[in-house]
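The sequence shown lines up with residues 0 to 429 when you count with numbering that gives the first Met the number 0. In what follows, a structure is listed as structure tokens, so that the remarks can point back to it.
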Amino acid sequence: MTALLFKNARVIDPSQNLNRICAVLCKDGVIAQIGENIPRGNAVEIDASGLTLAPGLIDLHTHLRDPGFTDKEDIETGCAAASAGGVTTLCAMPNTKPACDTPETVQYILEKAKTAAARVLPVAAITKGLLGAELTDMSALKSAGACAFSDDGVPVHTAAQMKQTLELSARLNVPIFAHTEDRSLSEGGIVNACAISAELGVKGIPNAAEDVGTAREIALLMSAPQNARLHICHVSTAGSVALIRDAKARGLHITAETCPHYFIFTDGKIKTKDADYRMNPPLRSETDRQAVLQGVLDGTLDVIATDHAPHTVAEKADFYKAPNGVIGMETSFAASYTALVQSGLLSVSELICKMSSRPAQILGIDGGTLRVGARADLILIDENEVWTVDTEKLHGKSKNCVFKKCKLQSKVKLTVSAGEIVFDDRVKEK
Ligand code: DOR
Ligand code: ZN
Ligand code: ZN
0 MTALLFKNAR VIDPSQNLNR ICAVLCKDGV IAQIGENIPR GNAVEIDASG LTLAPGLIDL
60 HTHLRDPGFT DKEDIETGCA AASAGGVTTL CAMPNTKPAC DTPETVQYIL EKAKTAAARV
120 LPVAAITKGL LGAELTDMSA LKSAGACAFS DDGVPVHTAA QMKQTLELSA RLNVPIFAHT
180 EDRSLSEGGI VNACAISAEL GVKGIPNAAE DVGTAREIAL LMSAPQNARL HICHVSTAGS
240 VALIRDAKAR GLHITAETCP HYFIFTDGKI KTKDADYRMN PPLRSETDRQ AVLQGVLDGT
300 LDVIATDHAP HTVAEKADFY KAPNGVIGME TSFAASYTAL VQSGLLSVSE LICKMSSRPA
360 QILGIDGGTL RVGARADLIL IDENEVWTVD TEKLHGKSKN CVFKKCKLQS KVKLTVSAGE
420 IVFDDRVKEK
């Protein structure tokens, strides 16, 4: 493996409060040295003048569709999309076919990911087949390599099951990723319950469906063992944000994520009747968008993930019948940068913390840092480049992108995974 010496970059690493121009040497897949005057040796030198160097992004919430739905995406293409967006580690949700509910499927994913452009951490199912009936063998799944547990796509059916899951989380020391939704309130809904859903004559998904789900998980966490690890997925409502803020203020050990679309867009987008703006939870009201944004800014929402959920163009063709979900890994950094950093709400270091260092902490993995000895996962970003999202140029298989045609600021130029260059967009500039 060729060693890489990055020179003249602004190096930003929130995990060690670093923000200065210096050099970084990657050797044998790890960060070997960081500082000034690093001798080149036989490393390939990369002049990163004018660029920002940061730890690779970690996406806690993606759907790679492999095994079973590889017309939408597969491990290789999902990881290609990841690397193009600066994501070097991603958690792959278990709603595949078969569901990731056996050690064999965990192994299949890990094996296939060995040659992919990003590190894939399988999230295993809480209930067999995500059917809500019988719990999986979480201990065996963890031993096989599952990084977390979730029934994402659906909520864990009963409070009793979630109670048991939180006990196992504590015993096995693994995080639980909760898709919070009360299906008795959301059943049949395809967009946010609002004036527009009424106008379109479709059933809506009310805020209360998410709020009741989030409140249930928090109530269960209150009586769970101290070291249970509960993480709330894709927060979209003002109510959820308030519940999580209150839980944190009361000292509960809870973390949460949202996705760029929830603090950038509102349910106004569905007037277009374009199913690319449909996901679950759905785009909400302006009040919710503001609350989610505030949650990101004040730390109530620890992490920005994507819920990268590819569906084919054919599946997305019919607004009323299309499955929920939007892709996101290739646009998450630039969209978040544009909305949060360019607008002066967060520093780039704070953003990288939410997309890299903090997710690494939640998972308890090696990553999200440029400390000497850490895995050499890093990205070079041009903070000044402005680009327009062209879905034809994206690297995944699907095109269901909420940011299509959007003008975004900041571009990932180079991605290094375990010391290897896996994405390089610098050529155009030569
Ligand atoms: O929008 C969504 N897409 N929400 C989910 O809960 C599932 C996901 C998917 O798998 O497509
Ligand atoms: Zn979900
Ligand atoms: Zn999801």
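Backbone N, C-alpha and C define an ideal beta-carbon position, used for all residues, glycine too. In this text, all values refer to a predicted model and were calculated from it rather than measured experimentally.
| request: Given a cut-off of 9 Å, decide if Leu413 and Asp423 are closer than it, judged by their beta-carbon atoms. | output: yes
| said: Quick check on Val430: buried or exposed, where buried means 16 or more other Cβ atoms within 10 Å of its Cβ? | reply: Because the chain in this structure spans residues 0 to 429, residue 430 falls outside the shown range and cannot be described.
| task | Determine the burial state of Gly200: buried for a count of at least 16 other Cβ atoms within 10 Å of its Cβ, exposed for fewer. | result | exposed
| field | Close Cβ partners of Val388 (< 7 Å) along its chain, the five nearest in sequence each way excluded | value | Thr330, Cys400, Phe402, Lys403, Lys404, Cys405, Leu407
| query | Where DSSP assigns a beta bridge to Arg9, which residues make up the other side? | reply | Ile20, Thr51
| request: Could you name the residues of the same chain whose beta carbon sits closer than 6 Å to that of Met0, not counting the 5 residues immediately before and after it, in chain order? | output: Gly418
| task | Please confirm whether any heavy atom of ligand 2 lies closer than 8 Å to the CB of Gly131. | result | no
| said: Contact defined as beta carbons within less than 8 Å: I believe Ala117 pairs with Ser416. What is the distance between those atoms, to the nearest angstrom? | reply: 6 Å
| request: Output the boundary residues of the alpha helix (DSSP H) element that contains Pro358. | output: 357–362
| CB-CB length for Val431 against Thr299, believed under 8 Å | Given a span of 0 to 429 for the chain in the structure shown, any question on residue 431 remains unanswerable.
| Going by the CB atoms, is the gap between Val153 and Ala177 shorter than 9 Å? | no
| Across which residues does DSSP place Ile231 in a beta bridge pair? | Ala177, Ala255
| said: Quick check: what's the CA-CA separation for Thr87 versus Thr101? | reply: 25 Å
| request: Could you tell me which residues DSSP puts in a beta bridge with Pro475? | output: The first residue shown for the chain is 0 and the last is 429, placing residue 475 beyond what the model contains.
| Cβ neighbours of Glu428 in the same chain (closer than 6 Å, five flanking residues each side left out) | No answer about Glu428 holds up, because its pLDDT of 46 lies below 50 and its placement is not dependable.
| query | Beta carbon of Pro22, beta carbon of Phe5: below 9 Å? | reply | Looking at the sequence provided, one finds Ala at residue 22 rather than Pro. Yes, these two residues count as a Cβ contact at 9 Å.
| said: Measuring only the C-alpha atoms, how far is Asp301 from His60? | reply: 13 Å
| Beta carbon nearer than 7 Å to a non-hydrogen atom of ligand 2 | Asp151, Gly152, His178, Cys232, His233, Asn279, Asp306
| Any non-hydrogen atom of ligand 3 closer than 8 Å to Ala308 Cβ | yes
| Cα separation between Arg206 and Met278? | In the sequence on display, residue 206 carries Asn and not Arg. Their backbone Cα atoms lie some 14 Å apart in a straight line.
| query | Can His230 and Ile175 be called in contact, C-beta distance under 9 Å? | reply | yes
| said: Does chain B have any CB closer than 9 Å to the CB of Glu314? | reply: Protein chain content of the structure displayed is limited to a single chain, and chain B is not contained in it.
| said: Determine whether the beta carbon atoms of Pro93 and Ala123 lie at a separation below 9 Å. | reply: yes
| message | With a threshold of 8 Å on Cβ separation, who are the neighbours of Ala227 within its own chain once the five nearest residues in sequence on each side are excluded? | response | Leu165, Glu166, Ser168, Ala169, Ile175, Leu220, His252
| Measuring from the CB of His60, is there a heavy atom of ligand 3 at a distance below 8 Å? | yes
| field | Beta-bridge pairing of Ala117 - partner residues as DSSP gives them | value | Answer is none; Ala117 lacks a bridge partner.
| query | So Gln15 is in the beta strand (DSSP E); what residue range does that whole segment cover? | reply | It is not in any beta strand (DSSP E) - Gln15 carries neither H nor E in the DSSP assignment.
| field | heavy atom of ligand 3 below 8 Å from Met328 C-beta | value | no
| field | Option in Leu109, Val119, Ser48, Leu3 with minimal Cα separation from Ile20 | value | Ser48
| field | Cβ separation of Asp306 and Gly327, assumed to be a contact under 8 Å, to the nearest whole Å | value | 7 Å
| said: Below 8 Å on the Cβ atoms is my contact criterion, and I expect Asp46 with Cys90 to pass it. Report the Cβ-Cβ distance as a whole number of Å. | reply: About 34 Å separates the two Cβ atoms, so there is no contact after all.
| CA nearest to the CA of Gly144, picked from Ala158, Ala112, Ala159 | Ala112
| said: Taking 9 Å as the threshold (C-beta atoms), are Gln160 and Leu134 in contact? | reply: yes
| Cβ distance (whole Å) where Val312 is taken to contact Thr257 below 8 Å | 27 Å between Cβ atoms; not a contact.
| said: When you compare the CB positions of Leu120 and Cys78, do they come within less than 9 Å of one another, or not? | reply: no
| Residues of its chain near Ala358, where Cβ-Cβ distance is below 7 Å and the 5 sequence neighbours each way are ignored | Note on residue identity: the sequence assigns Pro, not Ala, to residue 358. Excluding sequence neighbours, Pro358 sits near Ile57, Leu59, Val302, Gly367.
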